[in-house]
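Notes for the one structure printed next.
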Amino acid sequence: MNASICIGKIIGPHGVKGNVLVESYTDDPQSIVTYKILTALPSKNFVVILNRKSKNLFIAKVKNIKSRDHAEALNGELIYIDRLELENLLNDEYYSIDLINLDIYNLDLEKLGKVLMVHNFGAGDLIEIEKNDRSTTIIPFTKDNFPEIDLKSKKIYISNIE
Numbered sequence: 015m016n017a018s019i020c021i022g023k024i025i026g027p028h029g030v031k032g033n034v035l036v037e038s039y040t041d042d043p044q045s046i047v048t049y050k051i052l053t054a055l056p057s058k059n060f061v062v063i064l065n066r067k068s069k070n071l072f073i074a075k076v077k078n079i080k081s082r083d084h085a086e087a088l089n090g091e092l093i094y095i096d097r098l099e100l101e102n103l104l105n106d107e108y109y110s111i112d113l114i115n116l117d118i119y120n121l122d123l124e125k126l127g128k129v130l131m132v133h134n135f136g137a138g139d140l141i142e143i144e145k146n147d148r149s150t151t152i153i154p155f156t157k158d159n160f161p162e163i164d165l166k167s168k169k170i171y172i173s174n175i176e
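Under our numbering, think of the first position of the sequence shown as 15, with each following residue one higher.
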């Protein structure tokens with residue numbers, strides 16, 4: 015599993031002093047402010063400090079960024095936290111990032127494909143699956159549809175796939 019988890023993205027500059035607007039990718043957008051250190055990938059080597067909320071976005075200061083021009087250069091940069099900052103989950107709860115690229119098997123143990131992405135458009139999580147024939151399908155992420163998930167063996171079992 016990844017050591018860093020993407021939790022947001024810089025979507026543009028804010029003002030003239032080097033601040034940026036940050037979009038939160040967390041289930042509860044407000045929870046992004048609870049994490050201690052937000053960074054870009056280690057190779058980018060910058061730290062984001064969230065200051066305040068502006069509508070559904072957050073205004074943040076990036077260490078060593080002092081001008082709008084420098085802030086504009088960060089547009090599109092993803093923001094990460096160390097995985098150790100995530101809270102422990104209950105049984106049958108998963109972080110979306112951990113499901114991506116898992117192999118999908120039916121209940122007869124036939125490999126059907128793999129998880130491409132986990133989406134949520136407001137009505138619950140959806141699993142996007144790439145089938146063995148390279149076609150894709152999207153299935154609601156429910157216990158009925160996915161009765162077993164084994165992160166250690168990197169397998170998800172599905173009850174029915176079209």
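The C-beta atom is built at its ideal place from N, Cα and C for all residues, glycine as well.
Just to confirm, is the Cβ distance from residue i to residue j under 9 Å?
| i | j | result |
| --- | --- | --- |
| I163 | N120 | no |
| N70 | E37 | yes |
| E91 | I46 | no |
| I73 | G22 | no |
Apart from the five residues on each side of it in sequence, which residues of its chain come closer than 7 Å, Cβ to Cβ, to residue i?
| i | result |
| --- | --- |
| P154 | G138, L140 |
Could you tell me the boundaries of the beta strand (DSSP E) in which residue i lies?
| i | result |
| --- | --- |
| S18 | 18-28 |
| S38 | 33-38 |
| D96 | 92-96 |
What span of residues does the alpha helix (DSSP H) with residue i cover, start to end?
| i | result |
| --- | --- |
| I111 | 110-113 |
| E199 | Limits of the chain in this structure are 15 at one end and 176 at the other, which puts residue 199 out of reach. |
| A85 | 82-86 |
Report the partner residues of residue i according to the DSSP bridge assignment.
| i | result |
| --- | --- |
| G127 | I118, K145 |
| I152 | E142 |
| L165 | Per DSSP, none; premise fails for L165. |
| V132 | I141 |
| I175 | DSSP lists no partner for I175. |
| T48 | In the DSSP output, where bridge partners are listed per residue, T48 has none listed. |
| I170 | I118, I163 |
Less than 8 Å between C-beta atoms, sequence neighbours within five positions excluded: which residues of the same chain meet that for residue i?
| i | result |
| --- | --- |
| K125 | D117, I118, Y119, N146 |
| V30 | S81, R82 |
I'd like the list of long-range same chain contacts for residue i, defined as Cβ closer than 6 Å, with 5 residues on each side in sequence excluded.
| i | result |
| --- | --- |
| I79 | G32, A85 |
| L113 | V129, V132 |
| I175 | L126 |
Just checking, does the segment 98-107 make contact with the segment 82-90 on the three C-beta pairs under 8 Å criterion?
-> In short, these stretches do not touch, since the Cβ pair count stays below three.
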